[in-house]
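The block underneath contains the structure these notes are about, expressed in structure tokens.
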Ligand SMILES: Cc1ncc(COP(=O)(O)O)c(C=O)c1O
């Protein structure tokens with residue numbers, strides 16, 4: 001049976017409308033122009049790029065599409081925002097960010113710290129994963145370059161109070177960047193009215209192709225280019241445009257906007273049913289992240305005394321009579337670095353819970369039946385691993401002694 | 404990333420469970436690191452008659468424990484003492500580099516079980 005996909009925060013499948021729009025730009029005999037060319041073939045490509053820019057702007061609530069720059073994805077957008085700002089303001093040597101950012105932000109900050117003497121404040125988060133805006137205010141120093149706090153966390157789904165953080169940055173004339181890779185297409189945005197200077201997004205999280213994204217750069221924000229070459233993207237990012245990718249990103253934005261409200265509610269219902277069903281059936285389980293301020297599609301659970309990678313592998317193993325389930329885990333054993341997720345560590349979750357954490361992230365193509373399968377398949381797998389776990393054995397013995 | 408042998412031992416682990424009449428029990432690892440291995444042996448006449456395990460850990464940790472219990476069965480104490488982590492890795496057809504520590508954990512757990520046995524039977528000869 002086909003694997004049921006519960007890992008939409010990792011990436012999403014391309015949607016048919018997006019594929020249709022992209023096809024002419026990939027096919028032999030199709031469109032292929034260079035948007036920089038003056039002739040009609042080039043003009044067609046230029047029109048396609050500008051149409052896509054408009055589609056991205058519309059989804060973000062941006063009236064002037066000139067504030068959108070295409071990048072190779074969320075990672076490049078984050079790099080461009082932070083390093084570009086650093087190159088424009090050489091005197092400012094301090095950055096404020098959170099301890100639960102994606103590595104595309106964290107490692108840029110680490111890099112600037114290690115190689116260029118920047119000071120970086122990695123703000124702690126509360127139990128639900130929220131940054132305290134007051135702590136941001138206190139962290140700002142005379143030479144602070146920027147504040148970068150993500151809109152929605154990819155692991156636990158927690159939403160940050162970016163309106164408050166952005167407003168206090170604006171009061172102090174400090175640049176504010178937010179990595180909105182996980183939020184775009186799930187939460188309505190109106191950047192024209194929001195105190196945000198820079199915002200990163202990525203197409204492959206919203207049913208578009210991989211390798212394309214964008215950075216919103218508010219008009220008047222000084223940002224040096226990371227790539228030098230031709231005068232593409234108004235000198236902000238050299239290199240002949242990734243036409244099929246840009247067209248795909250635009251189409252993905254155009255398609256997700258109108259359905260966002262209905263999908264938000266539908267996925268939230270599925271997620272809540274999944275979460276409640278698992279908590280009810282599995283003793284010693286918990287939800288991580290903020291109880292209310294979080295993405296509608298993300299369920300991050302911990303099962304005590306089991307280890308996430310083992311759980312993931314057993315769930316993934318499809319059989320003749322049951323589908324596999326694709327989920328992800330923040331456990332150390334699955335990380336490739338033998339360190340448990342920095343997000344879980346920042347939440348202050350104990351080790352007995354950290355290793356048994358599993359993320360279900362739902363999306364457009366999940367159905368009620370998918371949730372039924374998860375509710376049926378997950379509890380016995382947890383029970384089986386606990387049966388094998390010496391920690392669970394000790395826990396049962398301890399509680400027997402107590403009673 | 405895992406060999407078919409690892410997947411087999413992970414999905415169908417052999418000899419899982421506590422052993423009521425074990426006379427050698429070893430444990431290593433820590434919950435903080437995300438790996439705890441516990442092995443139970445029944446040694447009679449200097450030979451391992453039965454072996455079982457309980458493990459908290461990733462797929463490789465469980466597969467390693469399972470293969471270890473198979474490896475020691477019927478072996479003398481001297482033979483068991485000579486088992487190295489590389490023997491376990493070989494039986495699994497290899498482990499990803501980042502998972503080699505699971506086999507080291509298995510070797511440590513086994514040593515701990517033999518030490519436990521010697522503590523329980525100070526003559527070192529067994530029954
Ligand atoms: C929050 C966040 N930021 C950045 C990225 C990186 O985006 P991309 O994969 O497009 O480089 C991701 C996706 O992995 C993400 O979830």
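Residue numbers (the working numbering), protein chains in the order written: chain A, 1 to 403; chain B, 404 to 530. Where a beta carbon is used, it is the ideal one built from N, C-alpha and C, also for glycine.
Determine, using beta carbons only, whether residue 421/B comes closer than 8 Å to chain A. yes
How far does the alpha helix (DSSP H) with residue 106/A in it extend, from its first residue to its last? Run containing residue 106/A: 103 to 116, per the alpha helix (DSSP H) assignment.
Taking the C-alpha atoms as reference points, what is the distance between residue 440/B and residue 395/A? Spanning the two alpha carbons is a distance of roughly 15 Å.
Under a CB-based cut-off of 8 Å, is residue 351/A close to chain B? yes
Contact list for the stretch 285 to 319 of chain A against chain B, Cβ threshold 9 Å: 305, 306, 307, 308, 309, 310, 312, 313, 314 and 317
Beta-carbon neighbours of residue 379/A, restricted to chain B and to distances below 8 Å: Close to residue 379/A, with beta-carbon spacing below 8 Å, lies no residue of chain B; the smallest spacing is near 18 Å.
Quick one: Cα of residue 13/A to Cα of residue 297/A, how far? 16 Å
Would you say residue 195/A faces chain B, with C-beta separation under 8 Å as the test? no
Supposed close pair residue 197/A, residue 221/A - CB separation, criterion 8 Å: 5 Å
Let me know the secondary structure DSSP gives residue 11/A once reduced to three states. coil
Members of the stretch 461 to 473 of chain B that neighbour chain A once the beta carbon cut-off is set at 8 Å: The residues in question are 461, 462, 463, 464 and 465.
Where residue 416/B meets chain A, residues with beta-carbon distance less than 8 Å: 388
Output yes if chain B places a C-beta closer than 8 Å to the C-beta of residue 65/A; else output no. no
Distance, Cα to Cα, residue 93/A vs residue 85/A? 11 Å
Residue-level contact to chain A via CB, residue 443/B, 8 Å cutoff: no
Can the beta-carbon of residue 323/A be found less than 8 Å from the beta-carbon of residue 11/A? no
Beta-bridge pairing of residue 273/A - partner residues as DSSP gives them: For residue 273/A, which the question treats as bridged, DSSP gives no partner whatsoever.
With a threshold of 8 Å between beta carbons, is residue 458/B in contact with chain A? By this cut-off, residue 458/B is an interface position.
List the residues of chain B that residue 355/A touches, going by C-beta distances under 7 Å, in chain order. Ordered by position in chain B, the residues that pass the 7 Å Cβ test against residue 355/A are 437.
Can you tell me which residues form a DSSP beta bridge with residue 479/B? According to DSSP, residue 479/B bridges with 450/B.
Spell out whether any CB of chain A is found under 8 Å from the CB atom of residue 518/B. no
Rounded to whole angstroms, what is the Cα-Cα separation between residue 466/B and residue 370/A? 29 Å
Based on Cα-Cα distance, which residue from 476/B, 436/B, 442/B and 404/B lies nearest to residue 390/A? It is 442/B.
How would you list, in chain order, the residues of chain A whose beta-carbon sits under 8 Å from the beta-carbon of residue 434/B? 351, 352, 355 and 391
In the stretch 406 to 471 of chain B, which residue ranges form an unbroken beta strand (DSSP E) of at least 3 residues, counting only runs that do not cross its ends? 427 to 433, 438 to 447 and 450 to 459
Contacts around residue 167/A, its chain only, beta-carbon distance under 8 Å, and the 5 residues preceding and following it disregarded: 195
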